[in-house]
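Novice: Counting in this note's numbering, the sequence shown runs from 28 upward without gaps.
Following this message is one structure expressed as C-alpha coordinates.
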Amino acid sequence: MARRSSPPSPGCRRAASAATRPTASPSSSTSTDTEPGQAGTPRVRCVLAGAARPLGHTTSGIAKQPVTGPCHVGPLGLAGDEQADLKAHGGEYKAVHCYAWSHYAYWRSVLPDQPLWHAPGAFGENLSLDGIDEHGVCIGDRWRIGSALFSVSQGRQPCYKLKLRFGIADMPRRVQDTLRAGWYLRVLEPGLVQAGDSCRLIERPHPDYSVARLLALIRDRETGAAALEPVLELPLPPSWRRLFEGRLRSAQVEDWQPRLEGR
28 MARRSSPPSP
38 GCRRAASAAT
48 RPTASPSSST
58 STDTEPGQAG
68 TPRVRCVLAG
78 AARPLGHTTS
88 GIAKQPVTGP
98 CHVGPLGLAG
108 DEQADLKAHG
118 GEYKAVHCYA
128 WSHYAYWRSV
138 LPDQPLWHAP
148 GAFGENLSLD
158 GIDEHGVCIG
168 DRWRIGSALF
178 SVSQGRQPCY
188 KLKLRFGIAD
198 MPRRVQDTLR
208 AGWYLRVLEP
218 GLVQAGDSCR
228 LIERPHPDYS
238 VARLLALIRD
248 RETGAAALEP
258 VLELPLPPSW
268 RRLFEGRLRS
278 AQVEDWQPRL
288 EGR
(Lines of atoms letter the chains of each structure in order from A and count residues from 1; the text may use other names and numbers.)
(Lines give C-alpha, C1' and ligand atoms only; values in the text may rest on other atoms or scores of the structure.)
Protein backbone atom coordinates (compact mmCIF):
# COMPACT_ATOMS: atom_id res chain seq x y z
CA MET A 1 0.00 0.00 0.00
CA ALA A 2 1.25 3.46 -0.87
CA ARG A 3 2.57 5.57 1.94
CA ARG A 4 3.65 9.17 2.14
CA SER A 5 5.75 10.70 4.84
CA SER A 6 7.43 14.03 5.23
CA PRO A 7 11.18 13.69 5.76
CA PRO A 8 12.42 13.72 9.35
CA SER A 9 13.81 16.97 10.66
CA PRO A 10 16.24 17.72 13.47
CA GLY A 11 13.69 20.25 14.70
CA CYS A 12 10.90 17.71 15.03
CA ARG A 13 11.27 15.11 17.79
CA ARG A 14 8.62 12.82 19.20
CA ALA A 15 8.16 12.74 22.94
CA ALA A 16 9.48 9.69 24.64
CA SER A 17 6.12 8.85 26.30
CA ALA A 18 3.23 8.33 25.70
CA ALA A 19 -24.86 24.02 10.20
CA THR A 20 -23.91 27.14 11.84
CA ARG A 21 -21.94 30.32 11.39
CA PRO A 22 -18.70 30.93 13.22
CA THR A 23 -19.15 32.31 16.70
CA ALA A 24 -16.96 35.25 15.77
CA SER A 25 -16.39 36.27 12.19
CA PRO A 26 -14.40 39.26 11.04
CA SER A 27 -15.33 41.29 8.01
CA SER A 28 -15.07 39.57 4.65
CA SER A 29 -11.69 39.77 2.91
CA THR A 30 -10.10 41.92 5.61
CA SER A 31 -6.92 41.43 7.60
CA THR A 32 -7.60 40.33 11.18
CA ASP A 33 -4.14 39.54 12.51
CA THR A 34 -4.85 39.00 16.21
CA GLU A 35 -1.92 39.30 18.57
CA PRO A 36 -0.58 36.50 20.78
CA GLY A 37 -1.96 36.73 24.27
CA GLN A 38 -5.21 38.36 23.19
CA ALA A 39 -8.17 36.97 25.10
CA GLY A 40 -9.82 34.18 23.16
CA THR A 41 -6.90 33.53 20.83
CA PRO A 42 -6.86 29.81 19.94
CA ARG A 43 -3.66 27.94 20.77
CA VAL A 44 -1.90 24.72 19.94
CA ARG A 45 -2.21 22.28 22.82
CA CYS A 46 -0.13 19.59 21.16
CA VAL A 47 1.65 18.80 17.88
CA LEU A 48 1.48 15.16 16.80
CA ALA A 49 3.06 13.00 14.10
CA GLY A 50 3.53 9.31 13.46
CA ALA A 51 4.32 6.49 11.05
CA ALA A 52 1.79 4.28 9.30
CA ARG A 53 1.32 0.95 11.05
CA PRO A 54 -1.07 -2.03 11.04
CA LEU A 55 -4.64 -1.34 12.18
CA GLY A 56 -6.91 -4.35 12.12
CA HIS A 57 -6.93 -5.73 8.58
CA THR A 58 -5.43 -2.57 7.09
CA THR A 59 -2.70 0.03 7.61
CA SER A 60 -3.16 3.54 8.98
CA GLY A 61 -1.25 6.59 10.14
CA ILE A 62 -3.92 7.46 12.70
CA ALA A 63 -1.77 6.55 15.73
CA LYS A 64 0.32 9.67 16.31
CA GLN A 65 2.60 10.72 19.16
CA PRO A 66 3.29 14.15 20.69
CA VAL A 67 6.24 16.05 19.24
CA THR A 68 8.60 17.97 21.51
CA GLY A 69 9.96 21.31 20.42
CA PRO A 70 9.47 23.07 17.08
CA CYS A 71 8.37 20.87 14.17
CA HIS A 72 8.81 21.82 10.53
CA VAL A 73 5.69 21.84 8.38
CA GLY A 74 5.96 21.85 4.60
CA PRO A 75 3.54 21.58 1.67
CA LEU A 76 2.74 17.93 2.44
CA GLY A 77 2.56 18.18 6.22
CA LEU A 78 4.64 17.77 9.35
CA ALA A 79 8.16 16.39 9.27
CA GLY A 80 8.10 12.71 10.20
CA ASP A 81 4.35 12.30 9.68
CA GLU A 82 3.03 9.54 7.45
CA GLN A 83 -0.24 8.45 5.83
CA ALA A 84 -1.01 4.97 4.52
CA ASP A 85 -3.93 5.60 2.15
CA LEU A 86 -2.93 8.47 -0.11
CA LYS A 87 -6.29 8.45 -1.91
CA ALA A 88 -8.09 9.48 1.28
CA HIS A 89 -5.41 11.18 3.39
CA GLY A 90 -2.49 13.53 2.99
CA GLY A 91 -1.58 15.63 -0.01
CA GLU A 92 -1.67 19.36 -0.58
CA TYR A 93 -5.24 19.90 0.62
CA LYS A 94 -5.01 17.58 3.63
CA ALA A 95 -1.51 18.46 4.78
CA VAL A 96 -2.41 19.06 8.44
CA HIS A 97 -5.40 17.71 10.37
CA CYS A 98 -6.74 19.84 13.23
CA TYR A 99 -9.02 18.67 16.02
CA ALA A 100 -10.59 20.58 18.89
CA TRP A 101 -9.44 19.44 22.32
CA SER A 102 -12.84 20.55 23.68
CA HIS A 103 -14.48 17.65 21.82
CA TYR A 104 -12.73 15.15 24.06
CA ALA A 105 -14.94 16.13 27.01
CA TYR A 106 -17.99 15.26 24.92
CA TRP A 107 -16.59 11.88 23.91
CA ARG A 108 -15.66 11.09 27.51
CA SER A 109 -19.24 11.88 28.56
CA VAL A 110 -20.95 9.63 26.00
CA LEU A 111 -18.35 6.85 25.76
CA PRO A 112 -16.62 6.91 29.16
CA ASP A 113 -14.87 3.54 28.90
CA GLN A 114 -12.54 4.49 26.05
CA PRO A 115 -9.00 5.19 27.39
CA LEU A 116 -7.92 7.09 24.26
CA TRP A 117 -10.08 10.09 25.26
CA HIS A 118 -7.60 11.18 27.93
CA ALA A 119 -4.84 12.60 25.71
CA PRO A 120 -4.66 14.37 22.34
CA GLY A 121 -4.12 12.27 19.24
CA ALA A 122 -7.03 9.84 19.46
CA PHE A 123 -8.42 11.01 16.12
CA GLY A 124 -5.11 11.12 14.29
CA GLU A 125 -4.89 14.89 14.47
CA ASN A 126 -1.64 16.74 13.83
CA LEU A 127 -2.67 19.82 15.80
CA SER A 128 -4.75 19.56 18.96
CA LEU A 129 -6.24 23.02 19.42
CA ASP A 130 -7.69 24.92 22.37
CA GLY A 131 -10.30 27.62 21.92
CA ILE A 132 -11.69 26.74 18.50
CA ASP A 133 -13.73 24.10 16.69
CA GLU A 134 -15.50 23.48 13.36
CA HIS A 135 -17.99 26.28 14.04
CA GLY A 136 -15.19 28.83 14.38
CA VAL A 137 -13.23 28.20 11.19
CA CYS A 138 -14.38 28.94 7.64
CA ILE A 139 -13.43 27.62 4.23
CA GLY A 140 -10.65 29.79 2.83
CA ASP A 141 -9.58 31.21 6.20
CA ARG A 142 -5.90 32.09 6.47
CA TRP A 143 -4.31 31.34 9.82
CA ARG A 144 -0.79 32.02 11.08
CA ILE A 145 0.29 29.24 13.44
CA GLY A 146 3.85 29.51 14.66
CA SER A 147 5.86 30.78 11.70
CA ALA A 148 3.77 28.90 9.10
CA LEU A 149 0.78 30.23 7.17
CA PHE A 150 -2.18 27.97 6.45
CA SER A 151 -5.53 28.07 4.70
CA VAL A 152 -8.58 26.05 5.75
CA SER A 153 -9.29 23.66 2.88
CA GLN A 154 -12.06 21.32 4.05
CA GLY A 155 -13.56 19.37 6.91
CA ARG A 156 -12.71 15.77 7.60
CA GLN A 157 -15.09 13.10 6.39
CA PRO A 158 -14.72 10.28 8.92
CA CYS A 159 -13.93 6.81 7.61
CA TYR A 160 -14.17 3.22 8.80
CA LYS A 161 -10.70 3.31 10.35
CA LEU A 162 -12.21 5.16 13.31
CA LYS A 163 -14.20 2.06 14.24
CA LEU A 164 -10.99 0.02 14.10
CA ARG A 165 -9.15 2.62 16.15
CA PHE A 166 -11.73 2.79 18.95
CA GLY A 167 -13.38 -0.62 18.70
CA ILE A 168 -16.77 1.08 18.33
CA ALA A 169 -18.74 -0.06 15.28
CA ASP A 170 -20.69 3.16 14.72
CA MET A 171 -17.87 5.58 15.58
CA PRO A 172 -17.55 7.01 12.04
CA ARG A 173 -21.26 7.86 12.00
CA ARG A 174 -21.10 9.35 15.49
CA VAL A 175 -18.30 11.66 14.37
CA GLN A 176 -20.17 12.59 11.19
CA ASP A 177 -23.53 13.12 12.92
CA THR A 178 -22.12 15.37 15.65
CA LEU A 179 -19.92 17.40 13.26
CA ARG A 180 -16.97 16.69 15.58
CA ALA A 181 -14.77 15.65 12.69
CA GLY A 182 -11.94 18.17 12.58
CA TRP A 183 -10.65 20.06 9.56
CA TYR A 184 -7.70 20.16 7.20
CA LEU A 185 -5.17 22.88 6.50
CA ARG A 186 -3.26 23.61 3.33
CA VAL A 187 0.25 24.99 3.86
CA LEU A 188 0.73 28.37 2.14
CA GLU A 189 4.06 29.21 3.77
CA PRO A 190 6.23 26.49 5.37
CA GLY A 191 7.52 27.12 8.86
CA LEU A 192 7.78 25.79 12.40
CA VAL A 193 4.93 24.92 14.76
CA GLN A 194 5.01 23.80 18.37
CA ALA A 195 2.81 23.39 21.43
CA GLY A 196 1.78 26.74 22.88
CA ASP A 197 1.76 28.58 19.55
CA SER A 198 -1.08 31.03 19.03
CA CYS A 199 -3.41 30.62 16.05
CA ARG A 200 -3.89 34.06 14.51
CA LEU A 201 -6.64 34.63 11.99
CA ILE A 202 -5.19 36.68 9.14
CA GLU A 203 -8.08 36.74 6.67
CA ARG A 204 -11.65 35.42 6.43
CA PRO A 205 -13.01 35.86 2.90
CA HIS A 206 -16.03 33.55 3.37
CA PRO A 207 -17.47 34.23 6.85
CA ASP A 208 -20.83 32.58 6.10
CA TYR A 209 -19.32 29.17 5.36
CA SER A 210 -17.91 27.56 8.46
CA VAL A 211 -16.50 24.06 8.25
CA ALA A 212 -19.43 22.93 10.42
CA ARG A 213 -21.90 24.34 7.91
CA LEU A 214 -20.40 22.41 5.01
CA LEU A 215 -20.09 19.22 7.05
CA ALA A 216 -23.79 19.60 7.90
CA LEU A 217 -24.68 19.90 4.20
CA ILE A 218 -22.87 16.62 3.59
CA ARG A 219 -24.41 14.89 6.61
CA ASP A 220 -27.93 16.11 5.84
CA ARG A 221 -27.78 14.80 2.25
CA GLU A 222 -28.39 18.22 0.74
CA THR A 223 -28.82 18.18 -3.05
CA GLY A 224 -30.72 21.42 -3.70
CA ALA A 225 -29.39 24.11 -6.01
CA ALA A 226 -30.17 26.92 -3.56
CA ALA A 227 -27.80 25.39 -1.02
CA LEU A 228 -25.11 23.98 -3.30
CA GLU A 229 -24.62 26.58 -6.01
CA PRO A 230 -23.18 29.15 -3.54
CA VAL A 231 -20.92 26.43 -2.09
CA LEU A 232 -19.42 25.82 -5.52
CA GLU A 233 -18.29 29.46 -5.57
CA LEU A 234 -15.97 28.72 -2.63
CA PRO A 235 -12.28 27.75 -3.03
CA LEU A 236 -13.00 24.05 -2.56
CA PRO A 237 -10.42 21.28 -2.88
CA PRO A 238 -10.95 18.93 -5.84
CA SER A 239 -12.54 16.16 -3.74
CA TRP A 240 -15.22 18.40 -2.26
CA ARG A 241 -15.85 20.12 -5.58
CA ARG A 242 -16.53 16.72 -7.16
CA LEU A 243 -18.82 15.79 -4.27
CA PHE A 244 -20.99 18.90 -4.43
CA GLU A 245 -20.99 19.05 -8.25
CA GLY A 246 -22.09 15.42 -8.32
CA ARG A 247 -24.98 16.08 -5.97
CA LEU A 248 -26.09 19.13 -7.90
CA ARG A 249 -25.91 17.35 -11.25
CA SER A 250 -27.64 14.12 -10.23
CA ALA A 251 -29.78 15.20 -7.25
CA GLN A 252 -28.43 12.09 -5.56
CA VAL A 253 -26.13 11.51 -2.60
CA GLU A 254 -22.85 9.65 -2.99
CA ASP A 255 -22.53 6.15 -1.52
CA TRP A 256 -21.22 6.44 2.04
CA GLN A 257 -20.78 2.72 2.69
CA PRO A 258 -17.20 2.37 1.38
CA ARG A 259 -16.07 5.32 3.50
CA LEU A 260 -17.99 4.53 6.69
CA GLU A 261 -17.95 0.73 6.58
CA GLY A 262 -14.83 -0.06 4.56
CA ARG A 263 -16.67 -2.15 2.00
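Glycine included, each C-beta is placed from N, C-alpha and C at the ideal position.
Since the structure is predicted, the reported quantities are computational estimates derived from the model, not experimental observations.
My parser needs the beta strand (DSSP E) runs of 3 or more residues fully inside the stretch 76-137; what are they?
Specialist: The stretch 76-137 contains these whole beta strand (DSSP E) runs: 80-82, 85-87, 92-95, 98-101 and 123-127.
Novice: Name the residue from V238, H233, L275 and P81 whose alpha carbon lies nearest to the alpha carbon of R248.
Specialist: Cα-wise, what sits closest to R248 is L275.
Novice: Assign V137 to buried or exposed, taking buried as 16 or more other Cβ atoms, counted over all protein chains shown, within 10 Å of its Cβ.
Specialist: By the neighbour-count rule (16 or more Cβ atoms within 10 Å), V137 is not buried but exposed.
Novice: Could you say which of E288, A146, D235 and Q141 lies nearest to L75 if we only look at CA atoms?
Specialist: The option with the nearest alpha carbon to L75 is A146.
Novice: Quick one: give me the first and last residue of the alpha helix (DSSP H) that I195 is part of.
Specialist: That residue, I195, is in no alpha helix (DSSP H); it is neither H nor E in DSSP.
Novice: Who are the Cβ neighbours of I159 in its own chain at under 8 Å, not counting the five residues just before and after it?
Specialist: P69, A127 and C226, listed in sequence order.
Novice: Distance, Cα to Cα, E109 vs G77?
Specialist: Distance between the alpha carbons of E109 and G77 is about 6 Å.
Novice: May I have a chain-ordered list of the beta strand (DSSP E) segments no shorter than 3 residues that lie completely inside the stretch 160-246?
Specialist: Within the stretch 160-246, the complete beta strand (DSSP E) runs of at least 3 residues are 169-172, 175-182, 210-216, 218-220 and 226-230.
Novice: Can you confirm whether the stretch 97-104 touches the stretch 180-197 when touching is taken to mean that 3 or more C-beta pairs between the two stretches lie within less than 8 Å?
Specialist: The stretch 180-197, when compared against the stretch 97-104, does not touch it at the 8 Å Cβ threshold.
Novice: In the DSSP assignment, the alpha helix (DSSP H) including L255 goes from what residue to what residue?
Specialist: Its alpha helix (DSSP H) spans residues A252 to V258.
Novice: Could you say which of R72, G83, P81 and A90 lies nearest to G96 if we only look at CA atoms?
Specialist: Measuring from the Cα of G96, the nearest candidate turns out to be R72.
Novice: Can you tell which of F150, G173 and H162 has the C-alpha that lies nearest to the C-alpha of K188?
Specialist: Closest by alpha carbon: F150.
Novice: Quick check on L263: does DSSP put it in helix, strand or coil?
Specialist: Coil.
Novice: Three-state secondary structure (DSSP) at R70?
Specialist: Of the three classes helix, strand and coil, the one that applies to R70 here is strand, per DSSP.
Novice: Considering only the alpha carbon of each residue, which of D157, G148 and G107 lies closest to G67?
Specialist: The shortest C-alpha separation from G67 is found at D157.
Novice: Looking at C-beta atoms only, is the number of pairs between the stretch 194-207 and the stretch 248-257 that lie closer than 8 Å three or more?
Specialist: Result no; under three Cβ-Cβ pairs closer than 8 Å.
Novice: Please report how far the alpha carbon of S155 lies from the alpha carbon of V94, in whole angstroms.
Specialist: For S155 and V94, the distance between alpha carbons rounds to 12 Å.
Novice: Identify, in the order they occur along the chain, each residue of the same chain with its Cβ nearer than 6 Å to the Cβ of P262, setting aside the five sequence neighbours on each side.
Specialist: Within the same chain, P262 has close Cβ partners G167.
Novice: Assuming L154 is part of the beta strand (DSSP E), what are its boundary residues?
Specialist: Start and end: L154 to D157.
Novice: Under DSSP, the alpha helix (DSSP H) around Q284 begins and ends at which residues?
Specialist: Residues Q284 to E288.
Novice: Can the beta-carbon of C186 be found closer than 8 Å to that of H233?
Specialist: Not in contact: C186 and H233 (Cβ atoms no closer than 8 Å).
Novice: Among the residues of its own chain, which have a CB less than 6 Å from the CB of K121, if the five just before and after it don't count?
Specialist: The residues are Y211.
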